[in-house]
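Residue numbering for the sequence shown is -21 to -1, 1 to 139, as defined by mature numbering (1 follows the signal peptide of the UniProt record, and there is no 0).
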Amino acid sequence: MEFSGTVIMILAILMAANVDAKIYERCELAKKLQKAGLNGFKGYSIGDWLCMAHYESGFDTAFVDHNPDGSSEYGIFQLNSAWWCDNGITPTKNLCHMDCYDLLNRHILDDIMCAKQVVSSKNSMNAWDSWSRHCSGHDLSQWLKGCDVYVKIDSKKINP
């Protein structure tokens, strides 16, 4: 009985999160990211962040991906439950000190704060395979076309 109660609780949390979830439009997300201080953070532009989020989640705050190792990735930036948040299921370092389900709603300031921690770690943006494959070394100006966002150009990315 305990197992079915846990499953029901998890489903209820996920359903509640989906009610408050959002798929952001590109320019809307660009403005949010700029307002939150990601433009130029650790040498990365809004284009880097948009490109990564597009390939990670399609700008969908409710996106969850399950990995072969048993961990899961949550939210618009696909933050991993083994390292960055606690899903109550898999072992975690919980380096952002947060519940993974808090990453599944339209309120992305907590996602951004955690993503800043990820980029501040030794892997920087390389922590996201999709950024390494699709964004790194590419012209990212297309991600900001038509958006009223100031582009902060920094050719030297800071890697600790």
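We treat Cβ as the ideally placed atom computed from N, Cα and C, and that holds for glycine. Remember, predicted model here, so these are calculated numbers, not experimental data.
Selected residue, minimal CA-CA separation from residue i, among the options
i	options	result
Asp27	Lys124, Cys114, Gly125, Cys126	Cys114
Phe56	Met104, Gly19, Val128	Met104
Glu4	Arg112, Asn46, Phe38, Phe42	Phe38
Asp81	Thr71, Asp90, Ser99	Asp90
Ala94	Val128, Asp48, Ala15, Cys126	Ala15
Leu12	Leu29, Thr71, Ile2	Leu29
Pro47	Asn59, Val97, Leu8, Ala41	Asn59
Lys21	Ser50, Leu123, Lys101	Lys101
Thr69	Ser51, Ala41, Trp107	Ser51
Met31	Gly116, Gly125, Trp122, Ser109	Ser109
Val97	Gly116, Asn73, His86, His117	Asn73
Thr71	Trp62, Asn18, Asp78, Trp107	Trp62
His86	Ala41, Ser99, Lys124, Leu17	Ala41
His33	His45, Gly19, Lys124, Ile2	Ile2
Local Cβ density within 10 Å of residue i, reported as buried at 16 or more and exposed below that
i	result
Leu88	exposed
Tyr53	buried
Tyr23	buried
Ser120	exposed
Asn84	buried
Asp127	exposed
Met92	exposed
Tyr129	exposed
Glu7	exposed
Range covered by the beta strand (DSSP E) that runs through residue i
i	result
Tyr53	51 to 53
His76	Taken as a continuous stretch (DSSP letters only), His76 belongs to no beta strand (DSSP E), as it is neither H nor E.
His45	43 to 45
Enclosing alpha helix (DSSP H) for residue i [first to last residue]
i	result
His113	108 to 113
Cys30	25 to 36
Ser99	88 to 99
Cys6	5 to 14
Nearest-angstrom beta carbon gap, residue j and residue i [assumed within contact, 8 Å]
i	j	result
Trp107	Glu35	6 Å
Asn66	Cys79	4 Å
residue 179	Ile25	The first residue shown for the chain is -21 and the last is 139, placing residue 179 beyond what the model contains.
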